[in-house]
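Here you go:
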């Protein structure tokens, strides 16, 4: 792993959530980063330099640059990058059953490694410092994130088929990953329980898995109310909506990342609001698959924490949170008919601190003295961001992934002025192409 | 003006509409451009070189590159770049009456020049070869587009206030601009009549202006049914919707760019379909201002030609058609609940040939032998476009403006591997900042 950088950001513009639920902007700021922490934010160069006394540090010129907390991608399937642009414009059922699932049966560990590393190249280049992941070969996913230096909330199945083919709990897998994360994760890996959805497993196992999550104090990752069909079938089978069914079977007693939540009732929102649930809004994927538009404005009015996710690249087709940022604001305004809905600071919080907290990293997501240095530097020195105007508006409404110049996670510069420092991008792209050929051509 | 380039694109991937209403992809293609025209497309280098016999030409390596017709931005107000990121999250009425209109009273000719040139930098960098414009100081707008080398459909008021303050027709202005475009436009400038909307002018003038448009064979640019309120008030006043009112007063007898069309009835769609109307879909602006989501799927089912626009940067906040491309596909899928709706080739046509035809440039928008060389080269050699998959999907779902490497208009390379060749970007940005300070600070 590369060393941490001690840094002095010199007259930079800051856009960040604040500690009281709002957000702030500061221009001509001096920000010091030392030993992985933000140790100073202020208007005086001398004061900033003082906090770096005794260590070598690098000065990062801030002219035309915006410093923002690293973005958090709170729902995704990283290795699905392998299926990018290869099965679009199909109806959801065709896409899943005739394309995605057959391809996934061909996945080898080396494919997941290649796809995950490819995803990490794209995510780091687009300013993402932390991601939740839900996929196969989790040992490989963990290893890939650890070597890349990004934060990870990794969901682990914790279930296995026994000799008779029945799905049974396997809490030992969860314990093994908890131990691996403790030993190798350097504080950057959180482990959660993977519950795909209310429809994928036999009824009996939900209560058991919920109590395992509670016993191990494990967070949960789950898809919730993504489609009309899911909700309709859940109501028909259980007499309750997915959130109600999950609460009744004992879920939501540990922090939960609930992805999608496109089709919620007011009662569903109350359930999510009274528990430690982070709803992960995936607007691109929800539109692209025809699932609909999640009413995140109503969720926020109900007091629910909402974060952002890209979902997998097979239904997006990028891992670029800047698309989701812009789209979240636009969809809320467009569907409520009110341009003042979902203002820039609310969207900024979704993309940063809400996602970081949801993924289990409360020490990041806000640019504040004492917090860990997970930061993005945006280059705003371009025609498309001239005039800059309000920097918070500029971040939400006119910046894009190509503005990302540098990314720090835990004080380590994973992207340094456009160069990836922990990943061999050329080799990763070649490996990914070979893996994509394997799974795509074999299955189609 | 810079000279035309004679070019041989060497083993490039083509994504383009075709002549029969569909689209095509070709890999390892050789494309020759000579004297502003595409003169060869095929699989043989020798055949391509033959068509360039007798002229000096440049070889453009095509590995990892996609060649697409230049994009057309069929609705916008270029100089509104000056108001970028300076008045967001306001309700539409506040935004228009308390911010935009007061600022526009301060506009000087030099401000419109700076803002238009700034817009041209951004549009050329994001692959836009042709744009429609509706704003003030049209002489300056025309001059700026001509010097930049981009195509322009420029709408001219053709109305003036007489000594008593009454709005009267001024066809001589239209004739003057038609003459200027003929003399200086080099075939790249089309003139149209500016009718802002059904609500801005006194009733009496609509019929007169419609017959002037018909007499001069002038296309028209107009905002149509952008908001619920516009439709409601038009029905209350005239007993008919905006499209019906316009048809009844004699409009739509010449080609018309109808921007927005968010709130149409089935009868409205029939009116637009039976006339030579190009509906310009501005999905970002329509969402951001809370106007709603135009049902372009229903329009296309009715046989209406739909093109794309960014609207002004004050309500977007970019002039980046890649955002509109992605969003058009996503919104149609998300609102119809069907992922197969609005497939990639339909969106490609909206962004290129439909916009070109709508703006009055039927010789561009399709990559075809004999057409004018208005072309974008995209660089797909990056993690976020690996694997490339289907190139047409890649263009719609995973490319973005930062992929734009070069832009040709009329055979002239306005962007050459990332460098603007006709615009002094540094100076333009400085001028724009000064103008933005003038109009923004003075009015707020």
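Protein chains in written order, with our numbering: chain A, 1 to 444; chain B, 1001 to 1444. From the three backbone atoms N, C-alpha and C, an ideal C-beta is built for every residue, glycine too.
Where does the unbroken beta strand (DSSP E) through residue 221 of chain A begin, and where does it stop?
-> One-based indexing of the first chain puts residue 221 of chain A at position 221. Element bounds for residue 221 of chain A: 220 to 224.
Using a C-beta to C-beta distance shorter than 9 Å, which residues of chain B count as neighbours of residue 122 of chain A?
-> Here the question's residue 122 of chain A lines up with position 122 in the first chain. Neighbours of residue 122 of chain A on chain B, chain order: 1382, 1383, 1384, 1386.
Is the stretch 430 to 438 of chain A close to the stretch 1005 to 1023 of chain B, with three or more CB pairs under 8 Å?
-> No, they do not touch.
From the DSSP output, in three-state form, read off residue 438 of chain A for me.
-> Residue 438 of chain A sits at position 438 when you count from the first residue of the first chain. In this structure, residue 438 of chain A counts as helix in the three-state DSSP scheme.
Taking DSSP as the reference, what is the three-state secondary structure of residue 1444 of chain B?
-> For the purposes of this step, residue 1444 of chain B is identified with residue 444 of the second chain, where counting begins at 1. Residue placement at residue 1444 of chain B cannot be trusted, given a pLDDT of 46 that sits under 50; what the coordinates show is reported in the next sentence. In the three-state scheme derived from DSSP, where H, G and I count as helix and E and B as strand, residue 1444 of chain B is classed as coil.
Please classify residue 1290 of chain B: is it buried, with 16 or more other beta-carbons within 10 angstroms of its beta-carbon, or exposed?
-> Position 290 of the second chain, counted from the first residue, corresponds to residue 1290 of chain B. Answer is buried; the Cβ neighbour count reaches 16.
Which ranges does the beta strand (DSSP E) cover as unbroken runs of at least 3 residues, wholly within the stretch 158 to 234 of chain A, from first to last along the chain?
-> Along the stretch 158 to 234 of chain A, the beta strand (DSSP E) occurs as fully enclosed runs of 3 or more residues at 159 to 161, 167 to 169, 189 to 194, 220 to 224, listed in sequence order.
Would you mind telling me which residues of chain B sit closer than 9 Å to residue 16 of chain A, beta carbon to beta carbon, in chain order?
-> In the first chain, the residue the question calls residue 16 of chain A occupies position 16. Within chain B, no residue comes near residue 16 of chain A; the closest Cβ sits about 17 Å away, beyond 9 Å.
Cα-Cα, which of A:388, A:415, A:382 is closest to residue 1402 of chain B?
-> As a working mapping, residue 1402 of chain B is identified with position 402 in the second chain. Selected option, being the one with the closest Cα: A:382.
Secondary structure at residue 1347 of chain B, three-state DSSP: helix, strand or coil?
-> Along the second chain, read from residue 1 onward, the residue named residue 1347 of chain B stands at position 347. Here residue 1347 of chain B sits in helix by DSSP.
For residue 278 of chain A, write down the residues that DSSP places opposite it in a beta bridge.
-> The residue you call residue 278 of chain A lines up with position 278 of the first chain. Within the DSSP secondary-structure output, residue 278 of chain A pairs in a beta bridge with A:257, A:305.
Just curious, the beta strand (DSSP E) that residue 360 of chain A is in, first and last residue?
-> Your numbering for residue 360 of chain A matches position 360 in the first chain. That residue, residue 360 of chain A, is in no beta strand (DSSP E); it is neither H nor E in DSSP.
Give the interface partners of residue 145 of chain A over in chain B, defined as CB-CB distance under 8 Å, in chain order.
-> For this step, residue 145 of chain A is matched to residue 145 along the first chain. None at all; the shortest Cβ gap to chain B is about 16 Å.
Given that residue 1289 of chain B touches chain A, what residues does it touch there, using C-beta distances under 9 Å?
-> Sequence index remark: in the second chain, residue 1289 of chain B carries index 289 (1-based). Here the neighbours are 333, 334, 339.
Going along the chain, which residues of the stretch 286 to 317 of chain A sit with their C-beta nearer than 9 Å to a C-beta in chain B?
-> Correct list: 286, 287, 288, 289, 290, 291, 292, 293, 313, 315, 316, 317.
Thinking just about the alpha-carbon of each residue, which of A:29, A:308, A:90, A:85 is nearest to the one in residue 323 of chain A?
-> Mapped onto the first chain, residue 323 of chain A falls at position 323. For residue 323 of chain A, the closest alpha carbon among the candidates A:29, A:308, A:90, A:85 is that of A:308.
Which stretch, first to last residue, makes up the beta strand (DSSP E) that contains residue 1030 of chain B?
-> As a working mapping, residue 1030 of chain B is identified with position 30 in the second chain. Unbroken beta strand (DSSP E) run through residue 1030 of chain B: 1023 to 1034.
Limits of the alpha helix (DSSP H) - the one that residue 45 of chain A falls within = Reading the first chain from its first residue, position 45 is the one you call residue 45 of chain A. Start and end: 45 to 50.
Residue 245 of chain A versus residue 205 of chain A - alpha carbon distance = Position 245 of the first chain holds residue 245 of chain A. Position 205 of the first chain holds residue 205 of chain A. Near 13 Å, if we compare the C-alpha coordinates of residue 205 of chain A and residue 245 of chain A.
Rounded separation between residue 1030 of chain B and residue 1016 of chain B - CA only | Position 30 of the second chain, counting from 1, holds the residue named residue 1030 of chain B. Position 16 of the second chain, counting from 1, holds the residue named residue 1016 of chain B. Answer to the nearest angstrom: the Cα atoms are 14 Å apart.
Verify whether the separation of the beta carbon atoms of residue 218 of chain A and residue 193 of chain A is less than 8 Å.
-> On the first chain, residue 218 of chain A is found 218 positions in, with the first residue counted as 1. On the first chain, residue 193 of chain A is found 193 positions in, with the first residue counted as 1. Contact check for residue 218 of chain A against residue 193 of chain A passes: the beta carbons are separated by less than 8 Å.
Does any CB atom of chain A fall closer than 8 Å to the CB of residue 1176 of chain B?
-> Translated into positions along the second chain, residue 1176 of chain B becomes position 176. Output row for residue 1176 of chain B: interface = no.
Given a cut-off of 8 Å, decide if residue 347 of chain A and residue 329 of chain A are closer than it, judged by their beta-carbon atoms.
-> By one-based count along the first chain, residue 329 of chain A stands at place 329. By one-based count along the first chain, residue 347 of chain A stands at place 347. The Cβ-Cβ distance between residue 329 of chain A and residue 347 of chain A falls below 8 Å.
Per-residue contacts from residue 397 of chain A into chain B (C-beta, under 7 Å) = Taking the first chain and counting its residues from 1, one reaches residue 397 of chain A at position 397. Residues of chain B with a Cβ closer than 7 Å to the Cβ of residue 397 of chain A are, in chain order, 1085, 1088, 1317.
Under 8 Å between the Cβ atoms of residue 393 of chain A and residue 1088 of chain B?
-> Working through the first chain from its first residue, we reach residue 393 of chain A at position 393. Working through the second chain from its first residue, we reach residue 1088 of chain B at position 88. Inclusion of residue 393 of chain A and residue 1088 of chain B in the CB contact set at 8 Å is warranted, their separation being smaller than that value.
Run of the alpha helix (DSSP H) containing residue 12 of chain A, from where it starts to where it stops | As a working mapping, residue 12 of chain A is identified with position 12 in the first chain. That residue, residue 12 of chain A, is in no alpha helix (DSSP H); its beta strand (DSSP E) goes 7 to 17.
Any chain B beta carbon closer than 8 Å to residue 394 of chain A | Translated into positions along the first chain, residue 394 of chain A becomes position 394. For residue 394 of chain A, the answer is yes, since a Cβ of chain B falls inside 8 Å of its Cβ.
Does residue 71 of chain A come within less than 8 Å of chain B when only Cβ atoms are used?
-> By one-based count along the first chain, residue 71 of chain A stands at place 71. Chain B contact via Cβ: absent.
What residues in the stretch 1413 to 1442 of chain B bring their beta carbon closer than 7 Å to a beta carbon of chain A?
-> Going along the stretch 1413 to 1442 of chain B in chain order, one finds 1425, 1429, 1432, 1433, 1436 with a Cβ nearer than 7 Å to chain A.
Should residue 392 of chain A be counted as a contact of the ligand MN given a C-beta to heavy atom distance under 7 Å?
-> With respect to the ligand MN, the structure offers nothing, as it holds no ligand at all.
Leaving aside the five residues before and after residue 248 of chain A along the sequence, list all residues of the same chain whose C-beta is less than 7 Å from its C-beta, in chain order.
-> By one-based count along the first chain, residue 248 of chain A stands at place 248. Excluding the 5 residues flanking it on each side, residue 248 of chain A has same chain C-beta neighbours closer than 7 Å at 240, in chain order.
For residue 1336 of chain B, the first and last residue of its enclosing alpha helix (DSSP H) = Along the second chain, one-based indexing puts residue 1336 of chain B at 336. DSSP places residue 1336 of chain B in the uninterrupted alpha helix (DSSP H) bounded by 1321 to 1336.
On the premise that residue 406 of chain A lies in contact with residue 380 of chain A, defined as a C-beta separation below 8 Å, what is that separation, rounded to the nearest angstrom?
-> Counting from one through the first chain, the residue named residue 380 of chain A turns up at place 380. Counting from one through the first chain, the residue named residue 406 of chain A turns up at place 406. In fact, because the Cβ distance is near 13 Å, the residues do not count as touching under 8 Å.
Stretch-stretch touch, CB-based, cutoff 8 Å, three pairs: the stretch 1131 to 1147 of chain B with the stretch 1107 to 1123 of chain B = The stretch 1131 to 1147 of chain B is in contact with the stretch 1107 to 1123 of chain B.
Tell me, please, whether the stretch 359 to 378 of chain A touches the stretch 58 to 70 of chain A by the rule of three or more beta-carbon pairs shorter than 8 Å.
-> A contact between stretches requires three or more CB pairs, one per stretch, nearer than 8 Å, and the stretch 359 to 378 of chain A meets this requirement with the stretch 58 to 70 of chain A.
Go through its chain and collect everything with a Cβ distance to residue 1019 of chain B's Cβ below 7 Å, but skip five positions before and after it.
-> Position 19 of the second chain, counted from the start, is the residue given in the question as residue 1019 of chain B. Around residue 1019 of chain B: 1366, 1368.
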